[in-house]
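Going by UniProt numbering, the first residue of the sequence shown is number 1, and it counts up by one from there.
For every residue, glycine included, the Cβ atom is placed at its ideal position computed from N, Cα and C.
The structure under discussion appears below in the form of structure tokens.
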Amino acid sequence: MFTQDQPRLLNWINGEFVNPISPQSDGSTTQYIPVTSPYNAKVIGQVPLSTAADVAQAVAAAQAAFPAWSARTIKDRAGILIKFHSLLTKHASQLADMVVLEHGKNKAEAMASVLKGQETVEYALSLPQVVQGKSLEVSRGVTCCDTRVPLGVVASVVPFNFPVMVPMWTLPIAIAMGNTMVLKPSEKVPFTMTKIVELLKEAGLPDGVVNLVHGTADAVNALIDHPDVKAVTFVGTSHIAEMVSQRCHRLNKRVLALGGAKNHMVSAPDCNVEMTSTDVVNSYSGCSGQRCMAATVLLTIGHQQELIDKIVTKSEGLRAGSKAGEVGPVIDQASVDKITRYINEAEASGARILVDGRPWTKEQNEGFWVGPTVILHTNKEDAALHDEVFGPVLSILAVETAEEALRIENANPYGNAACIYTSAGATADYFTKRFSAGMCGVNIGVAVPREPFSFGGWNKSRFGNHCDITGDGGVEFFSLRRKVTTKWVAQENASWMS
Ligand code: NAD
Numbered sequence: 001m002f003t004q005d006q007p008r009l010l011n012w013i014n015g016e017f018v019n020p021i022s023p024q025s026d027g028s029t030t031q032y033i034p035v036t037s038p039y040n041a042k043v044i045g046q047v048p049l050s051t052a053a054d055v056a057q058a059v060a061a062a063q064a065a066f067p068a069w070s071a072r073t074i075k076d077r078a079g080i081l082i083k084f085h086s087l088l089t090k091h092a093s094q095l096a097d098m099v100v101l102e103h104g105k106n107k108a109e110a111m112a113s114v115l116k117g118q119e120t121v122e123y124a125l126s127l128p129q130v131v132q133g134k135s136l137e138v139s140r141g142v143t144c145c146d147t148r149v150p151l152g153v154v155a156s157v158v159p160f161n162f163p164v165m166v167p168m169w170t171l172p173i174a175i176a177m178g179n180t181m182v183l184k185p186s187e188k189v190p191f192t193m194t195k196i197v198e199l200l201k202e203a204g205l206p207d208g209v210v211n212l213v214h215g216t217a218d219a220v221n222a223l224i225d226h227p228d229v230k231a232v233t234f235v236g237t238s239h240i241a242e243m244v245s246q247r248c249h250r251l252n253k254r255v256l257a258l259g260g261a262k263n264h265m266v267s268a269p270d271c272n273v274e275m276t277s278t279d280v281v282n283s284y285s286g287c288s289g290q291r292c293m294a295a296t297v298l299l300t301i302g303h304q305q306e307l308i309d310k311i312v313t314k315s316e317g318l319r320a321g322s323k324a325g326e327v328g329p330v331i332d333q334a335s336v337d338k339i340t341r342y343i344n345e346a347e348a349s350g351a352r353i354l355v356d357g358r359p360w361t362k363e364q365n366e367g368f369w370v371g372p373t374v375i376l377h378t379n380k381e382d383a384a385l386h387d388e389v390f391g392p393v394l395s396i397l398a399v400e401t402a403e404e405a406l407r408i409e410n411a412n413p414y415g416n417a418a419c420i421y422t423s424a425g426a427t428a429d430y431f432t433k434r435f436s437a438g439m440c441g442v443n444i445g446v447a448v449p450r451e452p453f454s455f456g457g458w459n460k461s462r463f464g465n466h467c468d469i470t471g472d473g474g475v476e477f478f479s480l481r482r483k484v485t486t487k488w489v490a491q492e493n494a495s496w497m498s
């Protein structure tokens, strides 16, 4: 797929690939870190750790592109996204292959993530139909109208776990609204977005409207601190999301920082056991558990042996691999170590490991593997029950009552998603009104609100001062409201405000 062994990635600035600036003003040369494929741990590329100088170059390109881009009509901007959408369709399989290689999803999951990213593009290209402002005669002869204007240069910082989909949560809406962007891909999965920016250019996007800068913390901090960057979106772990949010707040900069998750599922005694077991297994093991929407704690109201047996059987049937239905690797060795540590600790504190994925770490000849794991806890303090493990691990705990389940769910610091499995509408209603989570499911373990609905959690799953991401939340985040109050003819009986 790549034209040379271990290629060095380039930044994409002003419509072309450019080397990071080197030597820097202090004489130092750019540092590179290896990118590995989780399937075999082979190095597939070298990603530059861009610095403030590289960020400044990208922001300057975005700033220069802003006047002409924002002056275009929204229909004109959306027209480019229509072409981009058809190019995504044409290249979906190739993009999915890149996601498989650099991230480790199976091909079906990778394709689904590309298609999900396309849904946000569809929403963005529909914006000319829905973002008209409001107008009202607020006093005799006086009209007030409210329109949306772009912010300027915006920054988007994304995590490793969805190399296409998460960047698509911000990019299409941001540029459709007339902003220009600097995006920083995850250093763990930097390749896929380099293809996407080429497709944007092919679709007719003017140079400088979207720029890519590779790197890690230094590049992110430089983006936040740059005076011409008007707003920052971030998606990643909670502690970094909180730091990003606080840094933006100190600069009085608009920020939306989505963090990690620990999503709970509650199975009521009347749940459909067959459907629930399939759904629970898909939720915790899909994408090897590396989803912020993966539900990884199952609270059974009472001991539900039949449900547990089915979950165990279905989990034991999962195989390692890259085909549809198979479970891929996790992102890196640090992740393998972290996941197995949580399983070991739970076992040491008395939990029963009903399905043990630890042997996969050795059974696979190469790469970063942990198999589907089901833990039946007895100690409510086990860290695996409370922390984000970010691997294919399900924690099961039997509780006595619905209230106990809710107490446990509500006490968790995160608040991305929660799900109730039941056959009764009243039970579903009871739980969805009491979960402390932004995205609730009824018999759906991955309750992603798809476009046109916005996406976003509560509590420590989201920081910042602005709305949700995607859908109308994205429109709100990526625009300022301008109010214009107009009078052409003096009216005799106008109010004092007129
Ligand atoms: P991460 O926090 O390690 O990295 C996210 C981004 O932050 C990357 O681009 C990275 O280069 C950058 N970064 C790393 N260190 C930084 C620092 N000190 N300062 C500023 N930026 C820094 O997250 P990850 O491991 O790539 O992604 C997995 C996490 O993302 C999980 O916690 C997952 O739940 C979360 N996530 C959340 C959502 C959501 O919608 N809430 C969606 C996807 C992923």
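When you compare the region 356-370 with the region 381-388, are there three or more beta-carbon pairs, one atom per stretch, that lie closer than 8 angstroms? no
Alanine 257, DSSP secondary structure in three states: Taking the first residue of the sequence shown as 1, we reach residue 257 at position 257. Residue state, collapsed to three classes: strand.
Asparagine 416 beta carbon near the ligand NAD (any heavy atom closer than 7 angstroms): Counting from one through the sequence shown, the residue named residue 416 turns up at place 416. Yes.
Expressed to the nearest angstrom, what Euclidean distance is found between the alpha-carbon atoms of histidine 226 and alanine 257? Taking the first residue of the sequence shown as position 1, residue 226 is located at position 226. Taking the first residue of the sequence shown as position 1, residue 257 is located at position 257. Rounded to the nearest angstrom, the two C-alpha atoms are 17 angstroms apart.
Residue environment, tryptophan 488, which counts as buried when at least 16 other CB atoms sit within 10 Å: In the sequence shown, the residue the question calls residue 488 occupies position 488. Tryptophan 488 should be labelled exposed.
May I have the straight-line CA-CA distance separating phenylalanine 162 from arginine 140, to the nearest angstrom? Locating residue 162 in the sequence shown gives position 162, counting from the first residue. Locating residue 140 in the sequence shown gives position 140, counting from the first residue. For phenylalanine 162 and arginine 140, the distance between alpha carbons rounds to 53 angstroms.
Less than 7 angstroms separating the Cβ of residue 526 from some heavy atom of the ligand NAD? This structure leaves residue 526 out entirely; the chain is present only between 1 and 498.
Quick check on DSSP: helix, strand or coil for methionine 1? As a first step, residue 1 must be located in the sequence shown, where it is residue number 1. Model confidence at methionine 1 stands at a pLDDT of 46, short of 50, so the residue's coordinates are unreliable; what they give is reported in the following sentence. Reduced to three states, the DSSP call for methionine 1 is coil.
DSSP state of phenylalanine 478 mapped onto helix, strand, coil: Taking the first residue of the sequence shown as 1, we reach residue 478 at position 478. Phenylalanine 478 falls in the coil class under three-state DSSP.
Given the structure, does leucine 258 come close to the ligand NAD, in the sense that its CB is under 7 angstroms from one of the ligand's heavy atoms? By one-based count along the sequence shown, residue 258 stands at place 258. Flag set: Cβ of leucine 258 near the ligand NAD.
Contact set for valine 232: own chain, Cβ-Cβ below 6 angstroms, skip 5 residues either direction: Taking the first residue of the sequence shown as position 1, residue 232 is located at position 232. Ala155, Ile224, Cys248 and Val255.
State the Cα-Cα distance for the pair methionine 243 and proline 190, rounded to the nearest angstrom. The residue you call residue 243 lines up with position 243 of the sequence shown. The residue you call residue 190 lines up with position 190 of the sequence shown. Distance between the alpha carbons of methionine 243 and proline 190: 23 angstroms.
Hey, how far is the Cα of alanine 217 from the Cα of isoleucine 33? The residue you call residue 217 lines up with position 217 of the sequence shown. The residue you call residue 33 lines up with position 33 of the sequence shown. Roughly 13 angstroms separates the two Cα atoms.
Nearest-angstrom beta carbon gap, proline 128 and isoleucine 196 [assumed within contact, 8 angstroms]: Against the sequence shown, residue 196 aligns to sequence position 196. Against the sequence shown, residue 128 aligns to sequence position 128. Rounded, the Cβ-Cβ distance is 22 angstroms, inconsistent with contact.
Is the beta carbon of isoleucine 375 sitting closer than 8 angstroms to the one on isoleucine 396? For this step, residue 375 is matched to residue 375 along the sequence shown. For this step, residue 396 is matched to residue 396 along the sequence shown. Yes. Within cutoff.
Does the distance from the C-beta atom of proline 20 to that of proline 48 stay below 8 angstroms? Stepping through the sequence shown from its first residue, residue 20 is reached at position 20. Stepping through the sequence shown from its first residue, residue 48 is reached at position 48. In contact: proline 20 and proline 48 (Cβ atoms closer than 8 angstroms).
Close beta carbons around phenylalanine 234, own chain, < 6 angstroms, minus the five adjacent residues each side: As a first step, residue 234 must be located in the sequence shown, where it is residue number 234. The answer, listed in chain order, is Val157, Ala241, Val244 and Ala257.
Cβ-based burial, glycine 302 [other Cβ within 10 Å; buried from 16]: Counting from one through the sequence shown, the residue named residue 302 turns up at place 302. It counts as exposed.
Going by C-alpha to C-alpha distance, which of Glu316, Ala96, Arg482 and Thr361 sits closest to leucine 354? Reading the sequence shown from its first residue, position 354 is the one you call residue 354. Taking only the C-alpha atoms, the option nearest leucine 354 is Glu316.
So, for asparagine 443: in the same chain, excluding its five sequence neighbours on each side, which residues have a beta-carbon less than 6 angstroms away from its beta-carbon? Numbered from its first residue, the sequence shown carries residue 443 at position 443. Within the same chain, asparagine 443 has close Cβ partners Tyr421.
Could you pull the DSSP bridge partners for arginine 291 from this structure? Taking the sequence shown and counting its residues from 1, the one referred to as residue 291 is at position 291. In the DSSP output, where bridge partners are listed per residue, arginine 291 has none listed.
Closer than 8 angstroms by C-beta to glycine 438: which residues in its own chain qualify, once you throw out the five before and the five after it? Chain order, please. Indexing the sequence shown from 1 puts residue 438 at position 438. Here the set comprises Gly415, Asn416, Ala417, Gly456, Gly457, Trp458, Ser461, Arg462 and Asp468.
In this structure, does DSSP put histidine 103 in helix, strand or coil? Taking the first residue of the sequence shown as 1, we reach residue 103 at position 103. Histidine 103: helix per DSSP, three-state reduction.
The alpha helix (DSSP H) that contains aspartate 382, what's its start and end? Counting from 1 along the sequence shown, the entry for residue 382 is found at position 382. First-last for aspartate 382: undefined, no H or E at that position.
At least three beta-carbon pairs within less than 8 angstroms, the region 303-312 to the region 334-341: no
Please work out which residues of its chain come closer than 7 angstroms, Cβ to Cβ, to threonine 361, disregarding the five sequence neighbours upstream and downstream, and give them in chain order. Within the sequence shown, the letter at position 361 stands for residue 361. The answer, listed in chain order, is Val336, Thr340, Trp369 and Val370.
Would you decide whether phenylalanine 2 is buried or exposed? Buried here means 16 or more other CB atoms lie within 10 Å of its CB. Along the sequence shown, one-based indexing puts residue 2 at 2. Interpretation of phenylalanine 2 is limited by its pLDDT of 45, a score under 50 that renders its predicted location unreliable; no figure is taken from the coordinates.
Report the rounded CA-to-CA distance for serine 70 versus threonine 170, giving the unit in angstroms. Position 70 of the sequence shown holds residue 70. Position 170 of the sequence shown holds residue 170. Taking the straight line joining both Cα atoms gives about 17 angstroms.
Using only the heavy atoms of the ligand NAP, determine whether one of them is closer than 7 angstroms to the beta carbon of asparagine 412. For the ligand NAP, the structure offers nothing, since it holds only the ligand NAD.
Where in the region 13-41 do unbroken runs of the beta strand (DSSP E), each at least 3 residues long, occur, reported from the N-terminal end onward? 16-18 and 32-36
Measuring alpha carbon to alpha carbon, tell me which of Asn11, Glu451, Asp429 and Thr29 ends up nearest valine 121. The residue you call residue 121 lines up with position 121 of the sequence shown. The shortest C-alpha separation from valine 121 is found at Glu451.
Excluding five sequence neighbours on each side, which residues of the same chain lie with their C-beta closer than 7 angstroms to the C-beta of glycine 445? On the sequence shown, residue 445 is found 445 positions in, with the first residue counted as 1. Same-chain partners within the cutoff: Met265, Asp279, Val280, Asn282, Ser283, Ala295 and Cys419.
Per-residue burial, valine 327 [other beta carbons within 10 Å of its own, 16 or more giving buried]: Taking the first residue of the sequence shown as position 1, residue 327 is located at position 327. The residue in question, valine 327, is buried, as its Cβ has 16 or more Cβ neighbours within 10 Å.
Return yes when the C-beta of cysteine 248 is under 7 angstroms from any heavy atom of the ligand NAD, and no when it is not. Indexing the sequence shown from 1 puts residue 248 at position 248. Flag unset: Cβ of cysteine 248 not near the ligand NAD.
Does the ligand NAD have a heavy atom nearer than 7 angstroms to the CB of lysine 184? Counted from its first residue, the sequence shown places residue 184 at position 184. Lysine 184: yes, Cβ under 7 angstroms from the ligand NAD.
DSSP state of glutamine 46 mapped onto helix, strand, coil: Position 46 of the sequence shown, counted from the first residue, corresponds to residue 46. Strand, per DSSP.
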